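Engineer:
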Amino acid sequence: MINQIGQVMLYVNDQDQAVQFWTEKVGFIVVSEDNNGHGMKWIEIAPAQGAQTSFVLHNKQLIAEMQPELNLGTPSIMLFSDNLDALYEDFKSKGITVGDVVTMPGARIFNFADDENNYFAVMERK
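Mapping of the sequence shown onto the numbering used here: residues 32 to 157, in sequence order.
Take a look at the structure:
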């Protein structure tokens with residue numbers, strides 16, 4: 032039986048640039064970094080140490096060559112924040128592309144783009 036979502040794999044064009052974006056701009060930390068010695072490197076990042084769910088950054092081109100049947104598109108991911116307005120202003124001040132804050136029934140949300148123009152959403156959850 033599955034009891035938890037552990038990791039979400041993100042396939043990126045430039046792993047180093049992706050790490051820099053997620054750590055320096057978004058505020059995630061690097062949980063682990065592994066290299067199999069044959070050119071395959073994977074980097075686990077998360078909002079904080081001990082987070083239940085993390086992202087694993089993979090080299091998109093390498094994975095496409097190894098497993099061409101995989102869908103390498105970015106999944107729709109909803110992140111949570113307990114202070115949406117402060118996060119929105121922080122992202123804007125760091126030059127992150129952000130959409131408008133939208134009020135939905137029971138939630139406020141905004142989208143942002145990483146350096147490869149993949150979009151993610153943040154919802155206020157108090």
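The beta carbon of each residue, even a glycine, is placed where N, CA and C say it ideally should be.
Computed from a predicted structure; not experimentally measured.
Take every Cβ of the stretch 125 to 137, pair it with every Cβ of the stretch 74 to 81, and state whether three or more of those distances are shorter than 8 Å.
Structural biologist: Output reads no: the stretch 74 to 81 does not touch the stretch 125 to 137.
Engineer: Can you name the start and end residues of the alpha helix (DSSP H) that I94 belongs to?
Structural biologist: Its alpha helix (DSSP H) spans residues 91 to 97.
Engineer: Alpha carbon to alpha carbon, what distance is there between R156 and Q83?
Structural biologist: Between Q83 and R156, the C-alpha separation is close to 17 Å.
Engineer: Only counting runs of 3 or more residues, tell me where the beta strand (DSSP E) segments fall wholly within the stretch 67 to 130, in order along the chain.
Structural biologist: Those beta strand (DSSP E) runs which fall completely within the stretch 67 to 130 and span 3+ residues are 72 to 77, 85 to 90, 109 to 112.
Engineer: Counting along the chain, where does the alpha helix (DSSP H) carrying Q48 start and finish?
Structural biologist: 46 to 51 is the span of the alpha helix (DSSP H), which, as asked, contains Q48.
Engineer: How would you label Q98, buried or exposed, when you count the other beta carbons within 10 angstroms and need 16 or more for buried?
Structural biologist: Q98 is exposed by the Cβ-count criterion.
Engineer: Is there a Cβ from chain B that is less than 8 Å from the Cβ of G126?
Structural biologist: Given the protein chain composition of this structure (a single chain), no chain B is represented.
Engineer: Measuring CB to CB, does A88 end up less than 8 Å from A152?
Structural biologist: Per the sequence shown, residue 88 should be read as Leu rather than Ala. No, these two residues do not count as a Cβ contact at 8 Å.
Engineer: In whole angstroms, what separates the C-alpha of A117 from that of L101?
Structural biologist: Going by the C-alpha atoms only, they are around 37 Å apart.
Engineer: For the beta strand (DSSP E) that contains F141, what are its first and last residues?
Structural biologist: F141 -> beta strand (DSSP E) spans 138 to 144.
Engineer: What residues are listed by DSSP as bridge partners for Q38?
Structural biologist: Beta-bridge pairing links Q38 to S85.
Engineer: Exposed or buried, which one is F111 when buried takes at least 16 other CB atoms within 10 Å?
Structural biologist: Answer is exposed; the Cβ neighbour count stays below 16.
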